[in-house]
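A.B. asks: Residue 63 in our numbering sits at position 61 of the sequence shown, with consecutive numbering throughout.
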Amino acid sequence: MEQVQSATRSVFEVIEDYGHEEIVFCNDSKVGLKAIIAIHNTVLGPALGGVRMWDYPSEEAALTDVLRLSRGMTLKAAAAGLNLGGGKAVIIANKETLKNKEMLFRRFGQFVHSLGGRYITAEDVNVGVKEVAYIRMETPYVTGIPRSMGGSGDPSPFTAYGVYLAMKALLKEEEGNESLRGKRVVIKGVGKVGSSLAELLHKEGAVLYLYDIDKARAEAVAKKVNAEVLQNEEEAYTTPCDIYAPCALGAGLNARTIPMLQCHIIAGAANNQLEDEERDAQLLKERGILYGPDFLINAGGLINVATELEGYNEQRSREQIEKIYDHTLEVVRKAKEEGITTHEAAVQWAQQRIANIGYLKQYNL
Ligand code: NAD
């Protein structure tokens, strides 16, 4: 992992490279809160992105994570056609933070509120609807609030729906037929998104292989969707299949794993799947594997929580998510025409939209 602070580079120099607008360090030792809010870009609108709670090995690791994740949110919102910018927050977890979650998350909510809506938070790893409800007690600048409170609830099934549609678009482009019937799909990570995705694929008659470090979870999901459970991580990479779906954590696609893959298409929900974006996208291209760019195809959950900002309506949310199908086709075709990787095509596509809307905004008097 890149070290944010080194003997030769200051924090400000690193932030300059990432292109962030603002980083806020939130500290309250009484409630055990150490959090970082990173606002990457607000050209399209307020920066929206979830808050992750993680036991980071160091403060530098937490800062690196939030810088990378928030930059990814800028691209994700832009590519999804949302009028939102990119932001993210991390809470550095320790034994103390787990003791009084109400205090912790309400205090975090107060910090979010102090930014006056420039940053809007949501759930992420280790933060669910219960924690989001605590944040809501202190600020309206939070999305993904429980359905019982008028919100959109858990975004995971919507993320899965977007990935499923992207799989269809990629199949259409690769084989001329978008049906998933009989297609062999390996899903790595069957948590909230991976299990929803497995159900959608099972309904359409796909043949499923599941791997999760939590074996009991993999077995429980496999029972529901008539899948085979893979025994170790290597099998997840080497099992011959049509589609490989990374739905665990990031950086699983790299110089070690890409040569092992036995798939034609990659489409999954995990954020930051490529360990080294340019190198690994190129390796996949050279191997003839069609890669569905993560931030483009896993935007379903973001689109769903963003719908809350206008008054939640599930139908409207689904219609917006369905555009992921067309966006995926467009990006793959751009990549083919220009001889670039699908990752690069998706980045250019998102950046172009930010530049275009940024131009328009100068006339918003
Ligand atoms: P989750 O925590 O519910 O599930 C993750 C699963 O991956 C767990 O079952 C865990 O045991 C498993 N796992 C972790 N490391 C693994 C490994 N090395 N090999 C195999 N399995 C492993 O999380 P989730 O909400 O389902 O999210 C999955 C991924 O999708 C994450 O990268 C997340 O950032 C991304 N994502 C989620 C959403 C959403 O709506 N939840 C939206 C966009 C992106």
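Where is the CB? At the ideal position from N, CA and C, for every residue including glycine.
(1) When we look at the beta-carbon of H42 and count the other beta-carbons within 10 Å, is it buried (16 or more) or exposed?
(2) I believe N273 touches N300 by the beta-carbon criterion, under 8 Å. Please report the beta-carbon distance rounded to the nearest angstrom.
(3) Please say whether Q284 and P248 have beta carbons closer to each other than 9 Å?
(4) Let me check one thing: in DSSP terms, what residues is L210 bridge-paired to?
(5) Under a three-way DSSP split, which group does A218 fall into?
(6) What do you reckon, is the C-beta of V129 under 8 Å from a heavy atom of the ligand NAD?
(7) How many angstroms separate the CA atom of Y143 from the CA atom of G119?
(8) Going by C-alpha to C-alpha distance, which of E61, T161, M55, H345 sits closest to F107?
(9) Going by C-alpha to C-alpha distance, which of T145, I39, Y246 sits closest to L182?
(10) Does I17 come out as helix, strand or coil in the three-state DSSP assignment?
(11) By a C-beta neighbour count over all protein chains shown, 10 Å radius and 16 as the cutoff for buried, is A200 buried or exposed?
(12) Could you tell me if the beta carbon of R219 falls within a distance shorter than 8 Å of some heavy atom in the ligand NAD?
(13) Which residue wins for smallest C-alpha separation from I305, given the options S154, R73, G130?
(14) Does DSSP put A347 in a helix, a strand or coil?
(15) With a 10 Å radius around its C-beta and 16 neighbouring C-beta atoms as the bar for buried, classify R335 as buried or exposed.
(16) For S198, count neighbouring Cβ atoms within 10 angstroms of its own Cβ and tell me buried if that reaches 16, exposed if not.
(17) Does at least one heavy atom of the ligand NAD sit under 8 Å from the Cβ of I215?
(18) Residues bridged to I245 by DSSP?
(19) In the DSSP assignment, find the unbroken beta strand (DSSP E) run with V53 in it and report its ends.
(20) According to DSSP, is H22 part of a helix, a strand, or is it coil?
(21) According to DSSP, is K363 helix, strand or coil?
C.D. replies: Reading from the atomic positions:
(1) By 1-based counting over the sequence shown, the position of residue 42 is 40. Classification of H42: buried, given that the 10 Å Cβ count is 16 or more.
(2) Numbered from 1 along the sequence shown, position 271 holds the residue referred to as residue 273. Numbered from 1 along the sequence shown, position 298 holds the residue referred to as residue 300. At roughly 7 Å, the Cβ-Cβ gap stays under 8 Å, so N273 and N300 are in contact.
(3) Within the sequence shown, residue 248 is the residue found at index 246, counting from 1. Within the sequence shown, residue 284 is the residue found at index 282, counting from 1. No, these two residues do not count as a Cβ contact at 9 Å.
(4) Along the sequence shown, one-based indexing puts residue 210 at 208. Answer is V187.
(5) By 1-based counting over the sequence shown, the position of residue 218 is 216. DSSP places A218 in helix when its eight states are reduced to three.
(6) What you label residue 129 is simply residue 127 of the sequence shown in a count that begins at 1. V129: no, Cβ never under 8 Å from the ligand NAD.
(7) Position 141 of the sequence shown, counting from 1, holds the residue named residue 143. Position 117 of the sequence shown, counting from 1, holds the residue named residue 119. So the alpha carbons of these two residues sit roughly 6 Å apart.
(8) Translated into positions along the sequence shown, residue 107 becomes position 105. It is M55.
(9) For the purposes of this step, residue 182 is identified with residue 180 of the sequence shown, where counting begins at 1. That would be Y246, whose Cα lies nearest to the Cα of L182.
(10) Mapped onto the sequence shown, residue 17 falls at position 15. Assigned with DSSP and collapsed to three states, I17 falls in helix.
(11) The residue you call residue 200 lines up with position 198 of the sequence shown. When all chains shown are included, A200 counts as buried.
(12) Locating residue 219 in the sequence shown gives position 217, counting from the first residue. Answer for R219: yes, Cβ within range of the ligand NAD.
(13) On the sequence shown, position 303 is the one that residue 305 refers to. Of S154, R73, G130, the residue nearest in Cα terms is S154.
(14) Along the sequence shown, read from residue 1 onward, the residue named residue 347 stands at position 345. Helix.
(15) As a first step, residue 335 must be located in the sequence shown, where it is residue number 333. Exposed, by the Cβ-count rule.
(16) The residue you call residue 198 lines up with position 196 of the sequence shown. Counting Cβ neighbours within 10 Å, S198 comes out buried, since at least 16 surround it.
(17) Walking along the sequence shown from the start, residue 215 turns up at place 213. Yes.
(18) Residue 245 sits at position 243 when you count from the first residue of the sequence shown. Answer is V187, I267, bridged to I245.
(19) One-based indexing of the sequence shown puts residue 53 at position 51. Where V53 is concerned, the enclosing beta strand (DSSP E) stretches over 53-56.
(20) Stepping through the sequence shown from its first residue, residue 22 is reached at position 20. Coil at H22, not helix or strand.
(21) By one-based count along the sequence shown, residue 363 stands at place 361. The answer is helix: DSSP assigns K363 an H, G or I state.
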